[in-house]
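Enquirer: The structure's right below; bear with me while I get my questions together.
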Amino acid sequence: MSAMRPHAPFIAGLAQIGACGIFLLQILRAVPRSLRYARETVRQIFFVGAMSLVIIMTCGLFVGMVLGLQLYHTLSIFGGTAALGTVVALSLYRELGPVVTALLFAGRAGTSITAEIGLMRATDQLDAMEMMAVDPLAYVIAPRFLAGIVAMPLLACTFNALGILGAHLVGVSWLGLDNGTFWSNMTSNVDVWDDVINGVWKSLAFGAVVTLIATFQGYTTPPTSEGVAYATTRTVVYSSIATLALDFVMTAFLM
Amino acid sequence: MAQRQSFQIGTGAFILLGFLALGYLATQTTSLANYRQGDSYALKARFTNVGQLKLRAPVKVAGVRVGSVSDIKLEPDKLDALVTLSIDKHYAQIPDDSAAAVFTSGLLGDQYVALQPGGSPEMFKDGDEVVLTQSSMQLEELIGKYLVGQGDKPADKSAADKGAATDKPADKKPQK
Numbered sequence: 000m001s002a003m004r005p006h007a008p009f010i011a012g013l014a015q016i017g018a019c020g021i022f023l024l025q026i027l028r029a030v031p032r033s034l035r036y037a038r039e040t041v042r043q044i045f046f047v048g049a050m051s052l053v054i055i056m057t058c059g060l061f062v063g064m065v066l067g068l069q070l071y072h073t074l075s076i077f078g079g080t081a082a083l084g085t086v087v088a089l090s091l092y093r094e095l096g097p098v099v100t101a102l103l104f105a106g107r108a109g110t111s112i113t114a115e116i117g118l119m120r121a122t123d124q125l126d127a128m129e130m131m132a133v134d135p136l137a138y139v140i141a142p143r144f145l146a147g148i149v150a151m152p153l154l155a156c157t158f159n160a161l162g163i164l165g166a167h168l169v170g171v172s173w174l175g176l177d178n179g180t181f182w183s184n185m186t187s188n189v190d191v192w193d194d195v196i197n198g199v200w201k202s203l204a205f206g207a208v209v210t211l212i213a214t215f216q217g218y219t220t221p222p223t224s225e226g227v228a229y230a231t232t233r234t235v236v237y238s239s240i241a242t243l244a245l246d247f248v249m250t251a252f253l254m
Numbered sequence: 000m001a002q003r004q005s006f007q008i009g010t011g012a013f014i015l016l017g018f019l020a021l022g023y024l025a026t027q028t029t030s031l032a033n034y035r036q037g038d039s040y041a042l043k044a045r046f047t048n049v050g051q052l053k054l055r056a057p058v059k060v061a062g063v064r065v066g067s068v069s070d071i072k073l074e075p076d077k078l079d080a081l082v083t084l085s086i087d088k089h090y091a092q093i094p095d096d097s098a099a100a101v102f103t104s105g106l107l108g109d110q111y112v113a114l115q116p117g118g119s120p121e122m123f124k125d126g127d128e129v130v131l132t133q134s135s136m137q138l139e140e141l142i143g144k145y146l147v148g149q150g151d152k153p154a155d156k157s158a159a160d161k162g163a164a165t166d167k168p169a170d171k172k173p174q175k
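Chains as they are written, first to last, in numbering that gives the first Met the number 0: chain H, 0 to 254; chain Y, 0 to 175.
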């Protein structure tokens with residue numbers, strides 16, 4: 000039936016966005032009720048945050064090392080290798096830290112949230128909860144949403160710190176840049192509010208968006224194994240697009 | 000129960016690590032790192048032109064950072080820029096006939112205030128004014144001068160480079 004109407008996919012996409020917006024409002028309304036299940040939120044922070052630390056830290060280190068190498072090479076063309084620390088810190092804090100962390104977070108934590116909630120839906124656990132007068136929005140969705148918002152900035156900060164370490168390793172220990180130059184240039188050009196906290200705001204927003212998409216995809220998945228598989232894929236695709244698009248908008252506003 | 004507890008310990012450790020990372024980023028890699036020296040005293044200096052000097056720009060003696068620019072404002076009557084330098088208490092041994100100059104680090108780098116030590120036995124105290132000052136060197140002005148008065152007095156330029164030229168007549172030149 001929909002094959003006869005070429006604009007049907009567009010309408011369906013619009014409906015998805017609308018449903019996602021309504022879902023966000025429902026989550027926000029469920030947040031006060033979910034405070035009763037604070038222990039569950041703590042457990043979720045452990046799963047989406049602490050369990051993601053290894054991948055975040057490894058990737059942060061390597062991203063920092065690559066930045067150090069690439070920028071050293073590029074800056075040496077202009078004789079500006081002294082600015083290495085500044086450039087690495089600014090690009091990490093303002094862009095790469097929040098964005099790469101969000102992409103990794105979508106792959107590491109977003110997918111597991113979608114798959115878990117999707118399987119709960121497929122095995123009727125969510126309906127069973129409602130039968131027992133436990134609101135799944137307050138008990139399942141809101142704790143994961145809150146955990147994502149709490150975990151993302153912390154993960155992004157860890158990523159940044161490891162990135163700086165990686166750049167220092169390459170720039171100073173390997174390529175022989177002066178240690179004092181590296182740090183003093185960084186400290187004189189990086190601002191707490193404009194750069195570090197700016198990145199924290201971004202990662203807060205990305206955490207909210209990624210977990211919103213992950214929980215929404217899980218909650219509304221068709222209750223089949225195929226449906227859960229597609230929902231998991233959609234979580235990664237949509238979160239990545241949303242993160243990068245939102246990054247552009249936020250950069251334009253926070254600049 | 001034991002499992003529940005390990006979740007909480009893990010979460011606590013994670014949150015602690017995240018905030019430690021944030022604290023590290025905020026205090027060690029930003030301009031906040033330059034504030035930790037603690038107490039400072041203020042010096043004032045008048046410049047006819049501070050160029051692109053910014054708040055919190057470093058104040059250096061012999062290339063070593065000793066403080067920062069804490070205030071820049073215009074003096075309404077003389078139309079001079081009144082710059083307040085806050086110097087770390089650590090470096091209290093700066094002779095009171097030292098000269099201040101606005102320099103640029105590198106050709107296109109940020110501007111900073113360089114203090115060139117004089118020879119006076121008296122040291123600067125809180126609130127003192129640096130009398131000998133040298134304005135920021137405007138690249139455009141230099142180019143303009145060079146283009147108009149080709150080879151006017153090349154000696155002038157080299158003297159200015161060494162920081163010996165001052166805005167105000169000085170009876171004692173800073174030693175170089």
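Even for Gly, the Cβ is constructed at its ideal location relative to N, Cα and C.
(1) Extract the residue ranges of the alpha helix (DSSP H) inside the stretch 21-79 of chain H, only unbroken runs of 4 or more that lie entirely within it.
(2) Can you give me the C-alpha to C-alpha distance between Leu60/H and Tyr218/H, rounded to a whole angstrom?
(3) Beta carbon of Ser50/Y, beta carbon of Gln133/Y: below 8 Å?
(4) Would you say Ile86/Y reaches chain H, if we count a Cβ-Cβ gap shorter than 8 Å as a contact?
(5) For Gly48/H, would you say it is in contact with chain Y, using Cβ-to-Cβ distances shorter than 8 Å as the test?
(6) Could you check which residue in Val227/H, Trp173/H and Val248/H has the C-alpha nearest to that of Ala204/H?
(7) Hey, does Ser172/H have any beta-carbon neighbour from chain Y nearer than 8 Å?
(8) Along the stretch 156-182 of chain H, where does the CB come closer than 9 Å to a CB of chain Y? Name the residues.
(9) By a C-beta neighbour count over all protein chains shown, 10 Å radius and 16 as the cutoff for buried, is Asp123/H buried or exposed?
(10) What does Ser30/Y reach in chain H if we use C-beta pairs closer than 9 Å?
(11) Taking Gly9/Y as the query, report the chain H residues whose CB atoms sit under 8 Å from its CB, ordered along the chain.
(12) Starting from the beta carbon of Leu52/H, find every residue of chain Y whose beta carbon is closer than 8 Å, and list them in chain order.
(13) At 7 Å on the CB atoms, spell out the chain H contacts of Phe6/Y, in chain order.
(14) Among the residues of its own chain, which have a CB less than 8 Å from the CB of Ser224/H, if the five just before and after it don't count?
(15) Determine the DSSP secondary structure at Leu52/Y, reduced to helix, strand or coil.
(16) Do Asp95/Y and Glu121/Y have their C-beta atoms closer together than 8 Å?
(17) Check whether the Cβ of Leu66/H lies closer than 8 Å to any Cβ atom in chain Y.
(18) Identify whether Tyr111/Y lies in helix, strand or coil by the three-state DSSP scheme.
(19) Give the residues of chain H in contact with Tyr23/Y, contact being defined as C-beta atoms less than 7 Å apart.
(20) Chain Y beta carbons: is any one of them nearer than 8 Å to that of Val195/H?
(21) So the candidates are Thr28/Y, Tyr111/Y and Gln92/Y; which of them puts its Cα closest to the Cα of Ala100/Y?
(22) Can you give the Cα-Cα distance for Val195/H and Lys144/Y, rounded to whole angstroms?
(23) Which of helix, strand or coil does DSSP assign to Ala241/H?
(24) Report the three-state DSSP secondary structure of Pro135/H (helix, strand or coil).
(25) Near Tyr71/H, what residues of its chain come up, given a Cβ to Cβ distance below 8 Å and the 5 sequence neighbours on each side ignored?
(26) Given 8 Å as the limit, is there contact between the stretch 124-134 of chain H and the stretch 185-199 of chain H, that is, 3 or more CB pairs closer than that?
(27) What is the rounded straight-line gap between the Cα of Val209/H and the Cα of Leu73/Y?
(28) Helix, strand or coil: which one does DSSP assign to Pro116/Y?
(29) Pull up the CB-CB distance for Pro75/Y and Ser187/H, whole angstroms please, since I reckon it's below 8 Å.
(30) Considering only the beta carbon of each residue, do Phe123/Y and Ile93/Y sit closer than 8 Å?
Expert: Taking the definition as stated:
(1) 37-47 and 52-76
(2) 35 Å
(3) The sequence as given places Gly at residue 50/Y; Ser does not occur at that position. Result no, Cβ atoms of Gly50/Y and Gln133/Y do not sit closer than 8 Å.
(4) no
(5) yes
(6) Val248/H
(7) no
(8) Cys156, Thr157, Phe158, Asn159, Ala160, Leu161, Ile163 and Trp182
(9) exposed
(10) Thr186, Ser187, Asn188, Val189, Asp190 and Val191
(11) Phe45 and Ala49
(12) Phe13 and Leu16
(13) Val41, Arg42 and Phe45
(14) Ala121
(15) coil
(16) yes
(17) no
(18) strand
(19) Ala160
(20) yes
(21) Tyr111/Y
(22) 43 Å
(23) helix
(24) helix
(25) Thr80, Leu83, Val169, Gly170, Leu174 and Leu176
(26) no
(27) 49 Å
(28) coil
(29) At roughly 31 Å, the Cβ-Cβ gap does not stay under 8 Å, so Pro75/Y and Ser187/H are not in contact.
(30) yes
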